[in-house]
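Student: Below is a structure I'd like to ask you about.
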Amino acid sequence: MNVLKKALGLLWIVLGPTSIIFMFIQAFEKIGLAPEGVAKTNTALQWGIILFIFIPISTGLVVFGYYAFKGEYDKLPED
Numbered sequence: 001m002n003v004l005k006k007a008l009g010l011l012w013i014v015l016g017p018t019s020i021i022f023m024f025i026q027a028f029e030k031i032g033l034a035p036e037g038v039a040k041t042n043t044a045l046q047w048g049i050i051l052f053i054f055i056p057i058s059t060g061l062v063v064f065g066y067y068a069f070k071g072e073y074d075k076l077p078e079d
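In UniProt numbering, the protein residues as written are 1 to 79.
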C-alpha cells in the first residue's frame, strides 16, 4: 500500500504543473478566438478567474504529492 501511495504521489507531482500548462494553453486559445470588444474582455475575465482559482488547487496537488512521495502518509493513526 505504501508503494501505491508513493507512486500516486509522483502522479500528483506531475499532474499539478501539467494541468496548469494545459489551462494556460486553453485560456490563450479561447481568448484568441473570442470576437473583439466586450466579448473578448468577458472571455479574458472569465479565464482570469478560472486560473486564479485553479492555480492554488494545482499547487496543492503538488504539495500533497510531495508528502505522499516522501512517506508522510505511511503511518496513519490507529483510531
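A virtual CB, placed ideally from N, CA and C, is assigned to each residue, including glycine. No experiment lies behind these values; they were computed from the predicted model shown.
(1) DSSP three-state label for L76, please.
(2) V63 to I13, Cα distance in whole Å?
(3) Comparing alpha-carbon positions, which option in D74, E29, A34 and I20 lies nearest L61?
(4) Which same chain residues, not among the five before or five after D74, have their C-beta less than 6 Å away from its C-beta?
(5) Would you mind working out which of P17, G9, F24 and G16 sits nearest I50, comparing C-alpha positions?
(6) For the alpha helix (DSSP H) holding E29, just list the boundary residues, first then last.
(7) Within the same chain, show all residues whose beta-carbon is closer than 8 Å to that of L76, passing over the 5 residues directly before and after it, in chain order.
(8) What residues in its chain sit with their C-beta under 6 Å from that of S58, if we drop five residues either side in the sequence?
Tutor: A quick look at the data gives this:
(1) coil
(2) 7 Å
(3) I20
(4) N2
(5) F24
(6) N2 to L33
(7) none
(8) G16, S19 and I20
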